[in-house]
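Trainee: Taking my numbering, the leading residue of the sequence shown gets 664, the next gets one more, and so forth.
Dropping the structure in here first, questions after.
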Amino acid sequence: MPDLKDLPGVEQARVIARDEHPISRQDISPNALKVLYRLASAGYYGFLVGGGVRDLLLDNKPKDFDVATDATPEEIKQLFRNARIIGRRFRIVHVRYGREIIEVTTFRAAPDKQLEVSDNSSRIQLQNIDSAQTREGM
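In structure tokens form, the structure reads like this:
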């Protein structure tokens, strides 16, 4: 797996030691772990994100798990035969294991690498890196 320092947009990243947080692999869906491990073995970043992480930090049982990666939807689909690309503007991939779906999305970035606030609100307009075709080599 690539070094976190090489991830675009990440200026500082810190790995939090196991004894500094309440999350154990035993609390994470084995299928979510399969997705993370397969992404890593193929050379992609993969991070557990979203409400599942929040629930784990609050010592609650997550209802589902989401993963963010630098792999494109097409690359994700090639890694998982049980995957389906959904969405038009922001394409995501559902990796299905029986009744469980792990939602996998490509990292998103603000346009022109700057945070842009719209409509005089606090919302930040983000775009899917894949749909913006800003990946190296494209």
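Built from N, CA and C at the ideal position, the CB exists for glycine as well.
Just the Cα atoms here: how many angstroms apart are Y760 and A695?
Mentor: Translated into positions along the sequence shown, residue 760 becomes position 97. Translated into positions along the sequence shown, residue 695 becomes position 32. Looking at the two C-alpha atoms, the distance is approximately 10 Å.
Trainee: Give the secondary structure of Y708 by DSSP, where H, G and I count as helix, E and B as strand, and everything else as coil.
Mentor: Here residue 708 refers to the residue found at position 45 when the sequence shown is read from its first residue. Coil, per DSSP.
Trainee: Drop a sphere of 10 angstroms on the beta-carbon of E763, count the other beta-carbons inside from all chains shown, and report buried for 16 or more, exposed for fewer.
Mentor: Stepping through the sequence shown from its first residue, residue 763 is reached at position 100. That one is exposed.
Trainee: From the DSSP output, in three-state form, read off D669 for me.
Mentor: Walking along the sequence shown from the start, residue 669 turns up at place 6. Looking at D669 - three-state DSSP - the assignment turns out to be helix.
Trainee: Entirely within the stretch 711 to 755 and at least 3 residues each: give me those beta strand (DSSP E) ranges in chain order.
Mentor: The qualifying runs are 729 to 732, 746 to 749.
Trainee: Apart from the five residues just before and just after V698, which ones in its own chain have a Cβ nearer than 6 Å to its Cβ?
Mentor: Numbered from its first residue, the sequence shown carries residue 698 at position 35. Only V730, V758, I765 meet the Cβ criterion.
Trainee: On the DSSP letters alone, give me the boundaries of the beta strand (DSSP E) that I765 sits inside.
Mentor: Counting from 1 along the sequence shown, the entry for residue 765 is found at position 102. Note, I765: beta strand (DSSP E), 763 to 769.
Trainee: Nearest to T735 by CA position, among P725, I748, G713, is which residue?
Mentor: Taking the sequence shown and counting its residues from 1, one reaches residue 735 at position 72. Out of P725, I748, G713, I748 has the C-alpha closest to the C-alpha of T735.
Trainee: Relative to the C-alpha of I691, which candidate in F743, G713, T769, G750 has its C-alpha closest?
Mentor: As a position in the sequence shown, residue 691 is number 28, starting the count at 1. Checked all of F743, G713, T769, G750; the closest Cα to I691 is G713.
Trainee: Expressed to the nearest angstrom, what Euclidean distance is found between the alpha-carbon atoms of R754 and T768?
Mentor: Your numbering for residue 754 matches position 91 in the sequence shown. Your numbering for residue 768 matches position 105 in the sequence shown. R754 and T768: Cα-Cα distance of roughly 7 Å.
Trainee: For G706, count neighbouring C-beta atoms within 10 Å of its own C-beta (all shown protein chains included) and say buried if the count is 16 or more, exposed if not.
Mentor: Here residue 706 corresponds to residue number 43 of the sequence shown, with the count starting at 1. Label assigned to G706: exposed.
Trainee: Count the other CB atoms within 10 Å of the CB of I739; is the residue buried (16 or more) or exposed (fewer)?
Mentor: Start at 1 with the first residue of the sequence shown, and residue 739 comes out as number 76. So I739 ends up on the buried side.
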